[in-house]
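In this note's numbering, the protein residues as written are 50 to 517. Note sheet for the following structure.
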Amino acid sequence: MARPGGQDAADSPMGGLIHSDEDSCIYRMGCRPGNGPQSGPESHLIKTLKHPEDQAAQQRLRREYVITCSLRLPILFEPWDFTCEPCWQFKLADDGWWPLSRELAATGVAGLASARFFAIALALVEALQSLHDQRLSHAALALDCIWVHPHRPGIKLSNLGHAQLSPPGQTHAAAYQRDVEALSKNFCTPLKPDLEGLVLQGETASLNLLRQRLHLAAGLEITLSRAVPRQLPERIYGRDAEITALLTAYRRVASRRHTELILLAGASGLGKTAVVDAVEQQLRLQCPPGVPPAQFIRCKFEQFNHRIPLEAIIQGMRQGLGELGFEEALASVEGQGDWLRPTPQNRPTSESVQADRLTLLAQWIHSLPSPEHPLVLCLDDLHWADPASLQLLENILALEAEAPLLVIGIYREQEVGPQHLLQQTLSRLSGVGYQTLTLSPLTLDCFSHWLEDILGQDTAAIAPSLRF
């Protein structure tokens with residue numbers, strides 16, 4: 050295949066075909082630096098005609114060059130050179146832009162991440178608006194004409210050979226509407242077939258109003274801006290005191306190397322587990338300076354699963370340590386670790402044997418933390434714990450060992466009466482000492498803070514619309 054423009058290979062080695070349509074081909078070319086003032090940028094695009102004898106194609110290529118040189122808009126490629134002999138070609142400065150159609154070749158528009166889609170969509174409507182401000186309509190907008198950069202925001206437009214100039218004063222020219230309709234059809238609609246339901250969710254405006262707004266780039270920009278998903282902060286509303294108390298307890302445990310129990314009590318659905326999730330995220334991923342990262346093991350008790358004692362404890366250990374770490378830890382129990390694999394056959398035959406095993410298990414758990422990695426043992430739904438697990442909790446807290454271990458117990462306060470096994474266990478632990486954090490329902494202030502983040506404005510401004 051002959052090189053575009055008849056250039057010598059030593060001056061402009063071929064960089065590859067970027068795009069091809071009915072009229073033209075676009076290549077990325079590379080020039081060797083230092084070849085004189087005409088060497089140009091090290092990388093540039095060359096647009097050539099497939100059929101040089103086609104006069105209509107010649108006229109479109111010349112028009113694109115004239116428009117690009119005249120406007121010099123950031124959304125257009127910087128023109129470098131235009132020649133018609135020996136071959137029609139249009140050279141453009143380039144620093145790594147690619148047609149959007151290439152990015153969407155595999156997954157289509159629906160495969161774009163939400164943030165990426167809205168960034169491109171808003172850049173597109175801004176680009177169209179800047180063209181329309183110059184009384185120009187693109188008239189041939191397609192995904193091949195939209196160029197994106199892998200590391201930069203914004204877009205660039207190409208293929209302006211079909212562009213039409215509107216008479217002065219026609220701010221609602223039909224050509225502008227066709228541009229926006231082409232954008233909606235080629236880019237917006239494939240992502241959400243029911244775009245009207247997406248962008249006006251929660252509004253009372255009619256669909257006719259939406260269709261009128263979509264005829265202009267400015268209207269589409271407003272619509273898309275309302276549809277952009279808000280990036281809400283990853284926070285738990287109204288639970289800062291409980292999270293701070295747990296983090297403070299962890300710092301105490303890590304510095305003093307002792308064992309401590311903190312209970313989270315409250316009704317179902319108040320966010321007890323979510324509080325522990327937030328603490329785990331901070332201790333694992335965002336540990337404050339000077340605080341060692343935590344090992345986190347979570348055990349969850351089931352209401353009707355007391356057939357095998359300690360099953361929730363052992364299963365949580367296995368998941369927290371990983372299969373390999375769990376087996377290595379069992380191997381350190383001097384040949385007595387087999388019974389830690391709970392089965393009906395491993396049920397203790399006498400109370401003395403069970404007591405010995407619980408003591409051994411408590412010692413084993415105390416051997417897991419280290420000064421470099423304190424252990425947080427979370428016991429969820431403690432009100433459903435089997436008697437052996439509650440006895441193990443007593444043994445863990447009774448051992449006097451220099452082990453940085455924080456035990457967090459979560460239970461539903463309304464399900465624990467005076468005769469409940471958990472309440473009897475806590476009564477016996479009163480001499481050891483523990484702290485209880487009771488979660489109460491969220492206040493209206495917490496709801497107001499949540500609304501401010503959702504709506505992006507102060508609730509005082511929308512107070513007349515709120516009815517509590």
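Idealized CB from N, CA, C, for every residue including glycine.
If you count every other CB in all the chains shown that lies within 10 Å of the CB of residue i, and 16 or more means buried, which is it?
i, result
"C348", "buried"
"R333", "exposed"
"D289", "exposed"
"N354", "exposed"
"E360", "buried"
"D228", "buried"
"A162", "exposed"
"H187", "buried"
"A105", "exposed"
"H68", "buried"
"D144", "exposed"
"Q330", "exposed"
"S419", "exposed"
"G480", "exposed"
"R109", "buried"
"T492", "exposed"
"V402", "exposed"
"Q440", "buried"
"D494", "exposed"
"S207", "buried"
"P423", "buried"
"A170", "buried"
"G210", "buried"
"P467", "exposed"
"K321", "buried"
Which two residues bound the contiguous beta strand (DSSP E) that contains residue i?
i, result
"C348", "Q344 to K349"
"T485", "Q484 to T487"
"A142", "Q138 to A142"
"F131", "P128 to T132"
"A206", "Looking at the sequence shown, residue 206 is not Ala but Leu. Run containing L206: I204 to L206, per the beta strand (DSSP E) assignment."
On the three-state DSSP scale, how would you describe residue i?
i, result
"E252", "Annotation note: pLDDT 38 at E252 (below 50); position unreliable, coordinate value reported separately. E252: coil per DSSP, three-state reduction."
"I195", "strand"
"I95", "strand"
"R77", "strand"
"W146", "coil"
"G89", "Reliability of the predicted coordinates at G89 is poor, the pLDDT of 43 falling under 50, and no value is obtained from them."
"G246", "With a pLDDT of 44 at G246, under the threshold of 50, the predicted position of this residue should be treated as unreliable, though the coordinate-derived value follows. Residue state, collapsed to three classes: helix."
"L448", "coil"
"L214", "strand"
"L125", "strand"
"A154", "coil"
"Q352", "coil"
"H100", "coil"
"I362", "helix"
"C495", "helix"
"L370", "helix"
"L500", "helix"
"I169", "helix"
"E71", "coil"
"V481", "coil"
"S377", "A small correction: the amino acid at residue 377 is Glu; Ser does not occupy that position in the sequence shown. If DSSP states are grouped into helix, strand and coil, E377 belongs with the helices."
"H422", "coil"
"E175", "helix"
"L161", "coil"
"E283", "coil"
"H181", "helix"
Along the alpha helix (DSSP H) that carries residue i, what are the first and last residues, could you check?
i, result
"Y225", "A223 to L232"
"C118", "Q104 to L120"
"V402", "E400 to H415"
"D507", "Element bounds for D507: n/a, residue is neither H nor E."
"D435", "Careful: D435 lies outside any alpha helix (DSSP H) and carries neither H nor E."
"A327", "K321 to R333"
"R520", "One cannot answer for residue 520 here, as it falls past the ends of the chain, which runs 50 to 517."
Under the DSSP definition of a beta bridge, which residues are partnered with residue i?
i, result
"R461", "G315"
"C427", "R347 and I457"
"L66", "Y76"
"S186", "Q213"
Within the 7 Å Cβ cut-off, does residue i reach chain D?
i, result
"G466", "The chain labelled as chain D is not found in the depicted structure, where only one protein chain is given."
At a cut-off of 6 Å, would you count residue i as near the ligand COA, judging by its Cβ distance to the nearest heavy atom?
i, result
"E351", "Ligands displayed in this structure: none; no statement on the ligand COA is therefore possible."
Which runs of the alpha helix (DSSP H) spanning at least 4 residues fall entirely within the region 288 to 313, listed in chain order? 289 to 305
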